[in-house]
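Engineer: Here the sequence shown stands for residues 534 to 878, numbered as in my numbering.
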Amino acid sequence: MIDLRSDVMTLPTEGMLRAMTSAPLGDEQVREDPTVLALEDELTGLLGQEAALFVPSATMANQIALLCQVRRGQEIVGERNSHMFRYEAGGPAFLAGAVVTGLPGEAGVFTGDQVREIAQVRDSEHRPRTALAVVEDTHNVSGGRAWPLAALDDLHDTCDELGLAVHIDGARLFNAAVALDVPPDRITARARTVAVCFSKGLGCPAGAALVGRSDALAPARRVRQMLGGSLRQAGVLAGAARYALQHNVARLADDHANARVLATLLAEGGLPIDPAGVDTNFVFLDLASLGLDREDARDRLRSHGVLWSNAHHPTVLRAVTHLGHSEADLRTAAARTVEALSKEP
């Protein structure tokens with residue numbers, strides 16, 4: 534079975550497992566885990582920031598960022614289908630008490646002008662005050678699209694003008710950096726806070742970090758404790774993350790190339806896919822023109838030995854490439870997909 538459902542399906546490599554078992558350990562809650570401290574220091578330099586905090590998941594990192602920067606009743610803005618707005622169980626409202634305003638976007642990208650049009654930056658008796666803009670990079674629902682640097686710069690310029698903070702949900706930040714061929718800090722240095730995840734394309738079993746300005750992260754350790762995210766000998770996971778940063782970032786280009794191979798072969802097989810729309814490691818297949826029910830299509834694919842997942846749109850399937858796939862795997866998966874979806878059941 535070739536599993537294309539998500540890059541969260543990655544498993545630690547032998548090298549990563551060795552790094553985990555050999556990592557020096559201590560009590561992270563009292564800042565005595567040397568591996569966690571080394572990882573946090575490495576991240577601040579890599580992302581052009583001042584402070585970092587290791588946490589179990591990127592969802593927790595996102596929510597801590599809000600709790601550190603947004604007062605109850607204040608507004609956050611972002612693309613309406615972003616992960617923080619759609620797939621974090623209502624956390625911004627339930628935990629931070631934030632008013633969430635979703636903006637229409639093009640491939641997950643919204644503009645500074647859109648923010649300027651709706652932002653409330655003065656106190657009002659009637660409207661919530663806007664505090665923060667959220668960028669998801671890469672953008673999951675839009676097919677792993679990376680924010681163009683010019684669009685990101687435009688948003689930062691506007692938010693600086695309006696006095697708004699910018700948080701980057703960088704669960705797949707390193708995919709964006711590789712796709713744009715820029716160092717990660719080119720994307721993150723102007724943000725006030727950044728969440729990064731290690732358990733997707735980087736191949737770790739768990740772990741994430743919140744990185745940002747020192748004043749923004751000043752309450753972060755206490756907030757993490759409130760949410761139950763403080764760990765003890767967290768260096769086991771931080772060791773995996775340090776290994777991933779050293780060995781698994783540059784190779785993300787292989788995942789992107791494999792996604793293009795998959796998309797190209799599917800298009801050559803007559804399926805409705807435009808390979809030019811593949812930015813990173815996501816491939817979307819819209820079944821609408823094939824007249825296929827999505828669950829039926831997934832069953833047919835499974836019977837042919839390949840697993841796809843449901844995308845956000847009700848007629849679209851998603852494949853995600855990662856370090857567990859070789860190019861040969863993707864070629865086999867493409868052939869099986871074409872066969873499964875091109876024949877009568």
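Beta carbons: idealized from backbone N, C-alpha and C, even for Gly.
1. Give the DSSP bridge partners of Asn-843, in chain order.
2. Can at least three beta-carbon pairs, one atom from the segment 798–811 and one from the segment 835–847, be found at a separation below 8 Å?
3. When you compare the CB positions of Phe-643 and Glu-612, do they come within less than 8 Å of one another, or not?
4. Can you give me the start and stop residues for the alpha helix (DSSP H) that Gly-624 sits inside?
5. Taking just the CA atoms, how far does Asp-862 sit from Val-794?
6. Got a sec? Which residues, its chain only, sit under 6 Å from Asp-494 by beta carbon, not counting five neighbours each side?
7. Cα separation between Val-816 and Ala-792?
8. Which partner residues does His-837 have in the DSSP bridge list?
9. Please name the residue or residues paired with Arg-755 in a DSSP beta bridge.
10. With a threshold of 7 Å (Cβ to nearest heavy atom), would Leu-550 be considered close to the ligand COA?
11. Which residues in the same chain have their Cβ closer than 6 Å to the Cβ of Ala-652, if we skip the five residues on either side of it in sequence?
12. What first and last residue would you give for the alpha helix (DSSP H) that runs through His-616?
13. Please report the distance separating the alpha-carbon of Ala-741 from that of Leu-572.
14. Hey, quick one: how far does the beta strand (DSSP E) through Val-667 stretch, first residue to last?
15. Which word fits Met-759, buried or exposed, when buried means at least 16 other C-beta atoms lie within 10 angstroms of its C-beta?
16. Among Arg-869, Arg-765 and Leu-818, whose alpha-carbon lies nearest the alpha-carbon of Glu-565?
17. My parser needs the alpha helix (DSSP H) runs of 4 or more residues fully inside the segment 535–589; what are they?
18. Is the separation between the beta-carbon of Leu-785 and that of Val-711 shorter than 8 Å?
19. Would you call Asp-574 buried or exposed, if buried means 16 or more other Cβ atoms sit within 10 Å of its Cβ?
20. What residue ranges within the segment 660–719 form continuous alpha helix (DSSP H) runs of no fewer than 4 residues, ordered along the chain?
21. Assess contact between the segment 725–733 and the segment 744–757, defined as three or more Cβ pairs (one per stretch) separated by less than 8 Å. Is contact present?
22. My output table needs one value for Glu-477: the three-state DSSP class, helix, strand or coil.
23. To which residues of the same chain is Thr-797 closer than 7 Å at the C-beta, ignoring the five residues directly before and after it?
24. On the DSSP letters alone, give me the boundaries of the beta strand (DSSP E) that Leu-743 sits inside.
25. Within the same chain, show all residues whose beta-carbon is closer than 8 Å to that of Leu-636, passing over the 5 residues directly before and after it, in chain order.
26. Going by C-alpha distance, which of Leu-874, Ala-767, Ala-866 and Thr-691 is nearest Ala-552?
27. Do Leu-576 and Val-756 have their beta-carbon atoms positioned less than 8 Å apart in this structure?
Structural biologist: In short, the structure shows the following:
1. Indexing the sequence shown from 1 puts residue 843 at position 310. Leu-850.
2. Judged by pairs of C-beta atoms under 8 Å, the segment 798–811 does not touch the segment 835–847, as fewer than three such pairs exist.
3. Looking up residue 643 in the sequence shown gives position 110. Looking up residue 612 in the sequence shown gives position 79. In this structure, Glu-612 lies closer than 8 Å to Phe-643 by Cβ.
4. As a position in the sequence shown, residue 624 is number 91, starting the count at 1. Boundaries of the alpha helix (DSSP H) harbouring Gly-624: 624–627, taken from the DSSP string.
5. Indexing the sequence shown from 1 puts residue 794 at position 261. Indexing the sequence shown from 1 puts residue 862 at position 329. Looking at the two C-alpha atoms, the distance is approximately 11 Å.
6. Because the chain is modelled from 534 through 878, residue 494 falls outside the range shown and cannot be assessed.
7. In the sequence shown, counting from the first residue as 1, residue 816 sits at position 283. In the sequence shown, counting from the first residue as 1, residue 792 sits at position 259. Rounded to the nearest angstrom, the two C-alpha atoms are 6 Å apart.
8. Along the sequence shown, one-based indexing puts residue 837 at 304. Answer is none; His-837 lacks a bridge partner.
9. Position 222 of the sequence shown, counted from the start, is the residue given in the question as residue 755. None; Arg-755 has no bridge partner.
10. Within the structure as shown, the ligand COA is missing, as the structure has no ligands at all.
11. On the sequence shown, position 119 is the one that residue 652 refers to. Taking C-beta separations shorter than 6 Å and ignoring five residues to either side along the sequence, the partners of Ala-652 in its chain run Thr-663 and Leu-695, following chain order.
12. The residue you call residue 616 lines up with position 83 of the sequence shown. Element bounds for His-616: 616–619.
13. Here residue 741 is taken as the residue at index 208 of the sequence shown, counted from 1. Here residue 572 is taken as the residue at index 39 of the sequence shown, counted from 1. Those two C-alpha atoms are separated by around 11 Å.
14. By one-based count along the sequence shown, residue 667 stands at place 134. It spans 663–669 - the beta strand (DSSP E) in which Val-667 sits, taken as one unbroken run.
15. Mapped onto the sequence shown, residue 759 falls at position 226. Exposed, by the Cβ-count rule.
16. To locate residue 565, count along the sequence shown from 1; it is residue 32. Considering only alpha carbons, the answer is Arg-765.
17. Complete alpha helix (DSSP H) runs here, min 4: 547–555 and 567–580.
18. Residue numbering aside, residue 785 sits at position 252 when the sequence shown is read from its first letter. Residue numbering aside, residue 711 sits at position 178 when the sequence shown is read from its first letter. Yes, they are a contact pair.
19. Numbered from its first residue, the sequence shown carries residue 574 at position 41. Classification of Asp-574: exposed, given that the 10 Å Cβ count is below 16.
20. 682–695 and 706–713, all fully within the segment 660–719.
21. Touching, yes.
22. Residue 477 is absent from the structure shown; the chain starts at 534 and stops at 878.
23. As a working mapping, residue 797 is identified with position 264 in the sequence shown. Pro-808.
24. Taking the first residue of the sequence shown as 1, we reach residue 743 at position 210. In the DSSP assignment, Leu-743 falls within the beta strand (DSSP E) that extends over 741–745.
25. For this step, residue 636 is matched to residue 103 along the sequence shown. Closer than 8 Å at the Cβ level, and outside the excluded window around Leu-636, lie Val-610, Gly-611, Glu-612, Arg-613, Phe-643, Gln-647, Val-648 and Ile-651.
26. The count along the sequence shown starts at 1 and reaches residue 552 at position 19. Nearest to Ala-552 by C-alpha distance, out of Leu-874, Ala-767, Ala-866 and Thr-691, is Ala-767.
27. As a first step, residue 756 must be located in the sequence shown, where it is residue number 223. As a first step, residue 576 must be located in the sequence shown, where it is residue number 43. No. Outside cutoff.
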